[in-house]
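Notes for the one structure printed next.
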Amino acid sequence: MSDSPSTLAQRTKSIADIGLLYSKDAYDRERYTELHELALELLGQLIDKPVEVVKDFYTAVTDYPTPKVDIRGFAVNDKNEILLVREGVGKCWTLPGGWADIGLTPAEVVVKEFKEETGLAVKPERLLAVFDKKMHPHPPQPFYVYKMVILCSITGELSFKAGHDMLESAFFPVSGLPELSLDRILASQIQLLHSNYVNNVLMPVLD
Numbered sequence: 001m002s003d004s005p006s007t008l009a010q011r012t013k014s015i016a017d018i019g020l021l022y023s024k025d026a027y028d029r030e031r032y033t034e035l036h037e038l039a040l041e042l043l044g045q046l047i048d049k050p051v052e053v054v055k056d057f058y059t060a061v062t063d064y065p066t067p068k069v070d071i072r073g074f075a076v077n078d079k080n081e082i083l084l085v086r087e088g089v090g091k092c093w094t095l096p097g098g099w100a101d102i103g104l105t106p107a108e109v110v111v112k113e114f115k116e117e118t119g120l121a122v123k124p125e126r127l128l129a130v131f132d133k134k135m136h137p138h139p140p141q142p143f144y145v146y147k148m149v150i151l152c153s154i155t156g157e158l159s160f161k162a163g164h165d166m167l168e169s170a171f172f173p174v175s176g177l178p179e180l181s182l183d184r185i186l187a188s189q190i191q192l193l194h195s196n197y198v199n200n201v202l203m204p205v206l207d
């Protein structure tokens, strides 16, 4: 599978960042700076944002660049319908979850995200998938992302107040998924996760 323009731009930026982090040669640093600017310009064109906006997505690089980690939870009801949450921005649906937090395990992150986004208490059961977003037809975006999906069982209800991030949650049959937030999850991924769950496939999906 050939890398998409978005992935190529992300890799180019990473190479430039590593060069600027470790190179001491002034000539090399000048070239890495130029490469960095070209990568940002290309990313801006791909996601339809000005370069100045794209620059604001990134913090200063002080260590070796690595992918960001997105952690999502997969929970179903007794009808094997899938729990989704609807975003405040875009009004589309996705699996509960978000970026990994420093100091929290993946299991702790998914418990926190369910509480914040659905008002439900869950128990993380097992890893369902580790997706590399470049292997799936997500829209272009600035970051290179690994997506972990964790099977969760619902154990109770907590308090939930709709806010800017998430408006509501609901269960959907796999054959009747709503409009999804394609930056975060794809119908093909949900269908694969659901099929593996109902067929008791224990081996996680690994890109």
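Each residue of the sequence shown is one higher than the last, beginning at 1 in full-length UniProt numbering. Just so you know, even glycine gets a beta-carbon here, dropped at the ideal spot from N, CA and C. Because the structure is a prediction, the values reported are computed rather than measured.
{"Asked": "Between which two residues does the beta strand (DSSP E) harbouring residue 190 extend?", "Found": "Taken as a continuous stretch (DSSP letters only), residue 190 belongs to no beta strand (DSSP E), being part of the alpha helix (DSSP H) at 187-198."}
{"Asked": "Go ahead and pull the three-state DSSP assignment for residue 126.", "Found": "strand"}
{"Asked": "Following the continuous alpha helix (DSSP H) through residue 11, name the residue where it begins and the one where it ends.", "Found": "5-22"}
{"Asked": "Use the C-beta contact count for residue 60: other C-beta atoms within 10 angstroms, 16 or more gives buried, fewer gives exposed.", "Found": "exposed"}
{"Asked": "For residue 58, tell me which candidate among 168, 178, 144 has the shortest Cα-Cα distance.", "Found": "144"}
{"Asked": "Tell me residue 147's beta-bridge partners as DSSP assigns them.", "Found": "70, 131"}
{"Asked": "Applying the 10 Å Cβ sphere with the 16-neighbour rule, what's the burial state of residue 44?", "Found": "buried"}
{"Asked": "When the Cα atoms are used, what is the spatial distance from residue 67 to residue 189?", "Found": "20 Å"}
{"Asked": "Go ahead and label residue 184 buried or exposed: buried means 16 or more other beta carbons lie within 10 angstroms of its beta carbon, across all protein chains shown.", "Found": "buried"}
{"Asked": "Excluding the 5 residues preceding and the 5 following residue 65 in the sequence, name in chain order all residues of the same chain whose CB lies nearer than 6 Å to its CB.", "Found": "14, 17"}
{"Asked": "Relative to the C-alpha of residue 197, which candidate in 73, 135, 46 has its C-alpha closest?", "Found": "73"}
{"Asked": "For a test of the three-state rule: what should DSSP assign to residue 44, helix, strand or coil?", "Found": "helix"}
{"Asked": "Just to confirm, are residue 138 and residue 182 a CB contact at a threshold of 8 Å?", "Found": "yes"}
{"Asked": "Would you kindly check if the distance between the Cβ of residue 150 and the Cβ of residue 100 is under 8 Å?", "Found": "no"}
{"Asked": "Distance, Cα to Cα, residue 105 vs residue 11?", "Found": "27 Å"}
{"Asked": "Do you know offhand how far residue 94's Cα is from residue 85's?", "Found": "6 Å"}
{"Asked": "Residue 171 by DSSP, collapsed to three states: which one?", "Found": "strand"}
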